[in-house]
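One structure is given below, encoded as structure tokens.
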Amino acid sequence: MEKVCPVCNGLAALTARCPRCGRPLTDGGAIENYYGPYSPYMDIESLQMGEPDTHCVHLLCCSGCGHDSRAALALIPV
Ligand SMILES: [Zn+2]
Ligand SMILES: [Zn+2]
0 MEKVCPVCNG LAALTARCPR CGRPLTDGGA IENYYGPYSP YMDIESLQMG
50 EPDTHCVHLL CCSGCGHDSR AALALIPV
């Protein structure tokens, strides 16, 4: 059975809120899309967050204050 990220596949919406200002966080997509030698988003911490086989790590940004965080989303079977 294949497992997919519900948010990447449009099956669920992210509803996290900014811990600083309380605005809804914008889903920046799977963090692997940001992977690159010059990416400012990639660091050891994010790589260690969640197992790649069971989680999809997303980058969340706040349009209000610029805060960014990461969320490891559990993959669901389809
Ligand atoms: Zn995803
Ligand atoms: Zn904010």
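Residue numbers for the sequence shown follow numbering that gives the first Met the number 0, beginning at 0 and rising by one. Built from N, CA and C at the ideal position, the CB exists for glycine as well.
Same chain only: Cβ atoms within 6 Å of E1, ignoring 5 sequence neighbours per side: Looking up residue 1 in the sequence shown gives position 2. Within the same chain, E1 has close Cβ partners V77.
Delimiting residues of the beta strand (DSSP E) encompassing H57: Residue mapping note: residue 57 aligns to position 58 of the sequence shown, counting from 1. Per DSSP, H57 belongs to the beta strand (DSSP E) from H54 to C60.
Any heavy atom of ligand 2 nearer than 6 Å to the CB - residues listed: Qualifying residues, in the order they occur: C17, R19, C20, R22, C61, G63, C64 and H66.
Beta strand (DSSP E) segment containing R69, residue limits: For the purposes of this step, residue 69 is identified with residue 70 of the sequence shown, where counting begins at 1. D67 to A73 is the extent of the beta strand (DSSP E) around R69.
Contact set, ligand 1 heavy atom to C-beta under 5 Å: In chain order, the hits are C4, V6, C7, A29 and C55.
Segment limits, beta strand (DSSP E) that includes A29: By 1-based counting over the sequence shown, the position of residue 29 is 30. Per DSSP, A29 is one residue of the beta strand (DSSP E) stretching across T25 to A29.
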